[in-house]
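Spelled out as structure tokens, the structure:
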């Protein structure tokens, strides 16, 4: 296994996920995460970090920063969706109150 190459693949997928988040393309974020998740698991399960050099360490820091940005954007979007859902529920109650049966 080539740690550096595998990490570059993870970085590329993560950057694409962040771009999709920033473009509000949530189906694409989900599709990319489905590709990335098993690679992340494999990367860390195979004890690849025992031979981590400075270059890989720097790349891991980039991966963590990208992941934090994705999480932050996702959390913001989740809060927005919850707010919109609350508004829709209130609108539905108003419509129900004024509907003629």
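In UniProt numbering, the protein residues as written are 1 to 101.
Beta carbons are placed, not taken as given, at the ideal position from N, Cα and C, and that holds for glycine.
Please read these numbers as outputs of a predicted model, since none were measured by experiment.
- Between residue 73 and residue 18, the CB-CB gap stays under 9 Å.
- Residue 96 and residue 77 have their C-alpha atoms spaced approximately 28 Å apart.
- Using a Cβ-Cβ distance cut-off of 8 Å, the region 22-30 and the region 55-63 are not in contact, since fewer than three pairs of beta carbons, one from each stretch, lie closer than that value.
- The beta carbons of residue 63 and residue 10 sit about 6 Å from each other, so the pair counts as a contact at 8 Å.
- DSSP places residue 100 outside both helix and strand once states are collapsed to three, so it counts as coil.
- Here residue 25 carries a coil assignment [DSSP, helix/strand/coil].
- Within the model, the alpha-carbon separation for residue 67 versus residue 98 is close to 47 Å.
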